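Chemist: Sequence lines, in order, name chains P and V. So for the first sequence, numbering that gives the first Met the number 0 puts the first residue at 0; every next one is plus one. So for the second sequence, numbering that gives the first Met the number 0 puts the first residue at 0; every next one is plus one. The structure under discussion is supplied below as structure tokens; questions concerning it will follow.
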Amino acid sequence: MNWSLVDPGVIRPWLICEMGTRWLTAVRRFGPEMIPEALVPKVESASRDEILASLNLLEPAVVLWETSRDTLAASCDSLARTAAINPRVLQIIACHQLTHREQLCLTPFPVAAMVHQPEELPRLTPMIHLHFARWTQFID
Amino acid sequence: MVSGTGIRPLARLLDKSKAPVWAISPAGKLIYLSPGCSEWLGFDSALLLDRRSVAGAPVSGERLDLVAAALAAPAELRRRGTASLRITPPSVETHRPVAKEARFIRIGDEATALTFAIAGDFDDRLPEPELKDAVAVRQQLDSWRRRHTATAINITAGTSNEAVRLRRRIDVAASTRTDVGFFGPAGCGGESILTRIHALSAPGENLINVDGALMDSDLLDATLMPALHQLSESKEARITALVRGLDEMPFEAQQRLAGLLDTFSGRMRLLASCGSQLLELNAPTDDLISESLSLDEDRARGLCSQLIDVISSLTIVNRPLALRVEDIPLIATAMLDTRHAAGEGPAERINRAALDALVVYPWPHNYEELENSIRHAIRTATGNVIACEHLPLAIRSYRPGAILKRTKHTKLSLDDAIQRYELRLITETLENADGNRAEAARRLGISRARLIRRLEDQSPNPQQNKESR
């Protein structure tokens, strides 16, 4: 996909930070249905550093962090830094195997939603709509 | 207290103990239940002996069979030899058994392996993450089977709003003998739902199957002739017509059917399934059904107004499977349980990778396609677990993404997009050439004048560009 051909005003970036491709596949499947029909989701997989580096350039976007027990501390750090650099980014945590106590560790950080399995993504549709409507009201 | 190495002392101890203990034979039947089971379940547990104890097995729908199935061991006991499960047995009569943690142990070799289980208040469970998911799904399914014993059709499993609405409507339809209209695209299981509703709401009543698309008025008369005779001869006689594809039935045949329903009002009942066109008219929410059904354009809608009046007494809408994504793992597992209980294969659960593949697949042929996929998978799988490689090729090779994006781009202006692309290329090349326009033009294979013209066209201040040449 050559994104330079698409009007930047209709692109809604989704960045996925994960080990495999599970959530990338899920967002490619459900992402287009989770934003208004006229808009285009730009779904990309990126490393933690790449996401943090590109935050200044990002328009309103969604970042999905896959978090496991081993990466919990790094995820907390990324969540805090992302919110500080660019508040227009909606942050979602994908945590399949975290215990309830470990999930509680994430609550002080600006996490918009936690999902455990890909089938839970469509539930977030109203929230994603509202997020983009809030930050792009002057663009759209 | 009696002690010994023989079986009798142990039998006495178990009989005295209040702990529910039970044993399952290699064939999956309950062969022993301690007196503690009777106390826990609230009835004489001897009634459960020789009943099948396999998850999803209560084929008869009898309450005791359901209790026996709830006592079944969780998936993968054969491989692991031990397993844990929190069990809430269905209530029989007024007694509501409390939930208990159960521990299962399998002993003996493959052909003669016995499963022993003991229930109590344990707190030592640390299952593998994969199995933890499987146990969670099993518990959700057990809860669904417990609450909807009679109407537990696999496609009604799930926790979504759509699943809840569907179950409630089916429960209402099953509790009263009334005309029912089922709306859903092809493969949505309308016929199985309507057949179950008929069996529950009017057991023993004559059911006549009518294929709407193949009917004309004469053929309809011929199909219904025996039933019409029955209705004419006896005032007590009652029949139900199950019409598949009512909206595909020719208009004249529809009017004839409406006339018959009017003539034998109350004694002839209509259970009808309609296709996706009507579903769209009834969308987006079920609450709008009465409003949308008041439209006058009968022919455009595919149904005559008299029949709309009939089926609007109770309508059931089943959304396409792609709109019930969060229910897919439960529905698929319920289908697998049914087939496993029927002895179609050894697979007891679907692993997470395979469930992910099922979740992202768009299911153009809905529940029927899912049913076929599970049938394919259970026949292909040789072990206890269905993995991605056991799913049909179309599902395991599906990669989402490209199609939807392409359709959305059609609303963009091509000229604007090309202009932006051109300007971006020129800007990048200029930066690489350290701002040297002649060099940038050479690298792009265009004249310097053309490059400058393009820059001027895009610049908000053309005068400034001219000065900087």
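We treat Cβ as the ideally placed atom computed from N, Cα and C, and that holds for glycine. No experiment lies behind these values; they were computed from the predicted model shown.
For chain V, find out if any of its Cβ atoms is closer than 8 angstroms to the Cβ of P/P35; answer yes or no.
Modeler: no
Chemist: Closest to V/L259 by CA distance: which of V/S272, V/G274 and V/D220 is it?
Modeler: Among V/S272, V/G274 and V/D220, the Cα nearest to that of V/L259 is on V/D220.
Chemist: Please list, in chain order, all residues of the same chain as V/E368 whose beta carbon is under 7 angstroms from its beta carbon, the five residues on each side excluded.
Modeler: G186 and W362
Chemist: If we ignore side chains and look at the alpha-carbon of each, how far apart do V/A74 and V/L413 end up?
Modeler: So the alpha carbons of these two residues sit roughly 56 angstroms apart.
Chemist: Please classify V/P249: does DSSP put it in a helix, a strand, or coil?
Modeler: coil
Chemist: Looking at the unbroken alpha helix (DSSP H) that takes in V/Y31, where does it start and where does it end?
Modeler: V/Y31 -> not in any alpha helix (DSSP H); beta strand (DSSP E) instead, spanning L29 to L32.
Chemist: Pull up the distance between the alpha-carbon of V/E161 and that of V/R323, whole angstroms please.
Modeler: 7 angstroms
Chemist: Note the first and the last residue of the continuous alpha helix (DSSP H) segment covering P/T20.
Modeler: Looking at the DSSP string, P/T20 is not in any alpha helix (DSSP H), and its letter there is neither H nor E.
Chemist: Under a CB-based cut-off of 8 angstroms, is P/Q96 close to chain V?
Modeler: yes
Chemist: Which parts of the segment 107–144 of chain V are runs of the beta strand (DSSP E), unbroken and 3 residues or longer, counting only runs that do not cross its ends?
Modeler: 113–119
Chemist: Give the DSSP-derived three-state secondary structure of P/R87 in the structure shown.
Modeler: coil
Chemist: Is V/S231 close to the ligand ZN? I mean its beta-carbon at under 7 angstroms from any heavy atom of the ligand.
Modeler: As far as ligands go, the structure on display features none, and thus does not contain the ligand ZN.
Chemist: Is P/C75 helix, strand or coil by DSSP?
Modeler: helix
Chemist: Can you tell me where the alpha helix (DSSP H) with P/C104 in it begins and where it stops?
Modeler: H99 to L105
Chemist: Taking the straight line between their C-alpha atoms, what separation do you get for V/F181 and V/A149?
Modeler: 19 angstroms
Chemist: DSSP on V/N208, reduced to helix/strand/coil?
Modeler: strand
Chemist: Let me know the secondary structure DSSP gives V/P96 once reduced to three states.
Modeler: coil
Chemist: Taking 8 angstroms as the CB-CB cut-off, is V/I327 touching chain P?
Modeler: By this cut-off, V/I327 is an interface position.
Chemist: Establish whether the CB of V/V134 and some CB of chain P are separated by less than 8 angstroms.
Modeler: Taking Cβ atoms only, chain P never reaches closer than 8 angstroms to V/V134, which makes this a no.
Chemist: Given this structure, state the Cα-to-Cα distance separating V/D100 from V/L230, to the nearest angstrom.
Modeler: What sits at residue 100 of chain V in the sequence shown is Glu, not Asp. Rounded to whole angstroms, V/E100 to V/L230 spans 55 angstroms at the Cα level.
Chemist: At a Cβ threshold of 8 angstroms, is P/D139 touching chain V?
Modeler: Low confidence applies here, because P/D139 scores a pLDDT of 44, under 50, leaving its location unreliable; read the following figure in that light. When Cβ-Cβ separations below 8 angstroms define contact, P/D139 makes no contact with chain V.
Chemist: Can you pull the chain V residues whose beta carbon is under 9 angstroms from the beta carbon of P/A25, in chain order?
Modeler: Close to P/A25, with beta-carbon spacing below 9 angstroms, are these residues of chain V in chain order: D355, V358, V359 and P399.
Chemist: Any C-beta of chain P sitting closer than 8 angstroms to the C-beta of V/V384?
Modeler: Chain P, which has no Cβ nearer than 8 angstroms to the Cβ of V/V384, makes this no.
Chemist: Taking its Cβ as the centre, do 16 or more other Cβ atoms sit within 10 Å of V/M267, making it buried, or is it exposed?
Modeler: buried
Chemist: On the CB-based measure, 16 or more other CB atoms within 10 Å of its CB, does V/G211 come out buried or exposed?
Modeler: buried
Chemist: Threshold first: 4 residues or longer. Then list the alpha helix (DSSP H) segments lying entirely within the segment 54–87 of chain V, N to C.
Modeler: 62–69 and 76–79
Chemist: Whose Cβ in chain P lies nearer than 7 angstroms to the Cβ of V/V324?
Modeler: Neighbours of V/V324 on chain P, chain order: E118 and P121.
Chemist: Any idea which residues DSSP pairs P/E165 with across the strands?
Modeler: This structure does not reach residue 165 of chain P, given that chain P is present from 0 up to 139, and the question cannot be answered.
Chemist: Using CA coordinates, which residue listed in V/M214, V/L113, V/N371 and V/I23 is at the minimum distance from V/A252?
Modeler: V/M214
Chemist: V/A376 to V/A341, Cα distance in whole Å?
Modeler: 15 angstroms
Chemist: Could you tell me whether any Cβ in chain V is nearer than 8 angstroms to the Cβ of P/R68?
Modeler: no
Chemist: Is the CB-CB distance between V/I373 and V/L335 below 8 angstroms?
Modeler: Their beta carbons are under 8 angstroms apart, which means V/I373 touches V/L335 by this criterion.
Chemist: Could you tell me the distance, in whole angstroms, from the CA atom of P/P117 to the CA atom of P/P31?
Modeler: 14 angstroms
Chemist: Quick check on the burial criterion: 16 or more other C-beta atoms within 10 angstroms. Buried or exposed for V/R318?
Modeler: buried
Chemist: Find out if the Cβ-Cβ distance for the pair V/A67, V/R95 is shorter than 8 angstroms.
Modeler: no
Chemist: How long is the line joining the alpha carbons of V/E432 and V/I417, rounded to whole angstroms?
Modeler: Note that residue 432 of chain V is Ala in the sequence shown here, rather than Glu. The alpha-carbon separation between V/A432 and V/I417 amounts to approximately 22 angstroms.
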